[in-house]
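Everything on this sheet refers to the single structure shown next.
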Amino acid sequence: MKPILFVAACAAIVGIAYGMHSPIVPVFAKEELGANFSEVGVIGLANYLPYMVVPLFGGMLLDRTNKAYLLILGVSLNAFAIFMLSEVTSVAGATAFRGLSGIAHAFFWPSAEAIISTTAPSDKRVKWIALFTAAWVGGFMTGPLIGKVVLEHFDYRVLFELSALAISLALVPSFFLLRHGRPVQVERHRLLRLGDLKHEVASMPTVSAVVLYYAVTFGVLIAIYPAYMKAASITDQNIELLFFVFGMARFATLPFVRLMAGRGRAALAAAVAVMAASMAISFAFASVWSFAIALVLAGVATSIFYPVTFNFVTKNAPVEKMGTKLGIYEALFGAGWTVGPVGVGLSSDAFGPASPYLAFSVIGAALAGAIMVTIRKNNNSS
1 MKPILFVAAC AAIVGIAYGM HSPIVPVFAK EELGANFSEV GVIGLANYLP YMVVPLFGGM
61 LLDRTNKAYL LILGVSLNAF AIFMLSEVTS VAGATAFRGL SGIAHAFFWP SAEAIISTTA
121 PSDKRVKWIA LFTAAWVGGF MTGPLIGKVV LEHFDYRVLF ELSALAISLA LVPSFFLLRH
181 GRPVQVERHR LLRLGDLKHE VASMPTVSAV VLYYAVTFGV LIAIYPAYMK AASITDQNIE
241 LLFFVFGMAR FATLPFVRLM AGRGRAALAA AVAVMAASMA ISFAFASVWS FAIALVLAGV
301 ATSIFYPVTF NFVTKNAPVE KMGTKLGIYE ALFGAGWTVG PVGVGLSSDA FGPASPYLAF
361 SVIGAALAGA IMVTIRKNNN SS
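If you use our numbering, the sequence shown corresponds to residues 1 to 382, in order.
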């Protein structure tokens, strides 16, 4: 059986578990632990900070050891961290276990990507990553519906326990990947330095800027946005339902991703512009319907962002160094994830909960415009 099927099964299961509980963590922090927006941002920072650091050496491990070991480690740590959320009674406790969950995800996601990248034929890599993304998005879309049903009968803590049980099921397909995760070639690796990250950014400045914008906005959507909706008097059940709508938009966009990928930087500009529109709506309005429209736009944008940037990063990378390349890319993504929630948390407390979304809309519009200007200049020069 093709390894992509096992990776996709793993992604779908983890996506369901994430979709069940992730939108509720910020609400849980505010409602039950008494956190303010800044503290919710710190919890988000703890969750995403490992994703900036771990991939830098995790990428080297992916090139030197069986990738399935790291995948299994990520799933196991995540199950434990999510379960322990049901036991926390303080912001500090939630911060600690969200940090552990971040470490887990920093092993899980690059491992899955590396298995796909090293086992897929070069002409099918985009197709396989699209299937992997579809499985993840389908799971993340379904999870909030399950979470909504759980919250109608139980409390936040039971939701976390059931999410931990769900994610542990991903261990089954993970073990089937052991024979597909062996390193392609064993070679000496020097430690990655900050200069490697700088070189990567300098070699692809447009892609790097888009990755950072995508990472910051996506991190905010997961770590802060639910608390923003709760402050606008949206119920827990409707928050889960709105994230189902977000997932539906992502899933519905996936069939067009391969076509969009062929548009290159124009696709990136379109994705940034759509996300900027989502942020503008989030700033201007605060109702169930406006949040639904904003999340539909955000879902469309995120479905374009990931496969297109992934294709840019991996298309010229040697197979034996794919893990290192992905590690640098994921660390850049983690930097955006880390900065976003804490910055938005502080801004929300200082200037009001809606203020960050105005900034994101302006920055996104400027970035999309700059990309289009660059494309036109390149076309004119050629």
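Built from N, CA and C at the ideal position, the CB exists for glycine as well. Please read all numbers here as calculations on a predicted model, not as lab measurements.
- Ranked by Cα distance from residue 175, the first of 15, 10 and 51 is 10.
- Assigned with DSSP and collapsed to three states, residue 374 falls in helix.
- Look at residue 353 here: in three-state DSSP terms it is coil, with no helix or strand label.
- In this structure, the CA atom of residue 342 is about 8 angstroms from the CA atom of residue 40.
- Using a 10 angstroms sphere on the CB of residue 78, the tally of other CB atoms reaches 16 or more, which defines it as buried.
- Taking residue 84 as the centre and dropping the five residues before and after it, the same chain places the C-beta of 97 closer than 7 angstroms to its C-beta, in chain order.
- Between the alpha carbons of residue 252 and residue 237 lies a distance of about 23 angstroms.
- Nearest to residue 6 by alpha-carbon distance, out of 302, 215 and 129, is 129.
- In the same chain as residue 35, and ignoring 5 residues on each side of it, the C-beta atoms closer than 6 angstroms to its own belong to 29 and 91, in chain order.
- Going by DSSP, residue 78 is part of the alpha helix (DSSP H) stretching over 67-85.
- Following the DSSP letters along the chain, one finds residue 32 in no alpha helix (DSSP H), marked with neither H nor E.
- For residue 230, the enclosing alpha helix (DSSP H) covers residues 225-231.
- As the crow flies, the alpha-carbon of residue 294 is around 40 angstroms from that of residue 180.
- The three-state secondary structure of residue 155, taken from DSSP, is coil.
- Counting along the chain, no alpha helix (DSSP H) covers residue 170, and no H or E run does either.
- Distance check between residue 101 and each of 48, 260 and 228 places 48 closest, using alpha-carbon atoms only.
- Taken in chain order, the complete alpha helix (DSSP H) segments of 4 or more residues contained in the segment 229-301 are 236-253, 257-261 and 265-284.
- Nearest in C-alpha terms to residue 31, of all of 4, 89, 68 and 12, is 89.
- Contact annotation, residue 24 with residue 156: C-beta distance approximately 6 angstroms; criterion of less than 8 angstroms satisfied.
- Residues 3, 6, 7, 10, 67, 68, 71 and 115 of the same chain have their beta carbon placed closer than 8 angstroms to that of residue 177, with the five preceding and five following residues left out of the count.
- When secondary structure is reduced to three states using DSSP, residue 90 falls in the coil class, being assigned neither helix nor strand.
- Short of 7 angstroms from the beta carbon of residue 231, and not among the five residues preceding or following it, lie these beta carbons of its own chain, in chain order: 353.
- In this structure, the straight-line span from the alpha carbon of residue 44 to that of residue 127 is close to 32 angstroms.
- In the same chain as residue 163, and ignoring 5 residues on each side of it, the C-beta atoms closer than 7 angstroms to its own belong to 17, 20, 21 and 82, in chain order.
- Membership of residue 3 in the alpha helix (DSSP H) is indicated by the continuous run 3-21.
- For residue 203, the number of other beta carbons within 10 angstroms of its own is below 16, and it is reported as exposed.
- Note on residue 165: under 16 other CB atoms within 10 angstroms of its CB, so exposed under the neighbour-count rule.
- Taking a contact as a CB-CB distance under 8 angstroms, the pair residue 280 and residue 361 counts as one, their CB atoms being some 4 angstroms apart.
- Nearest C-alpha to residue 154 among 209, 86, 50 and 171: 86.
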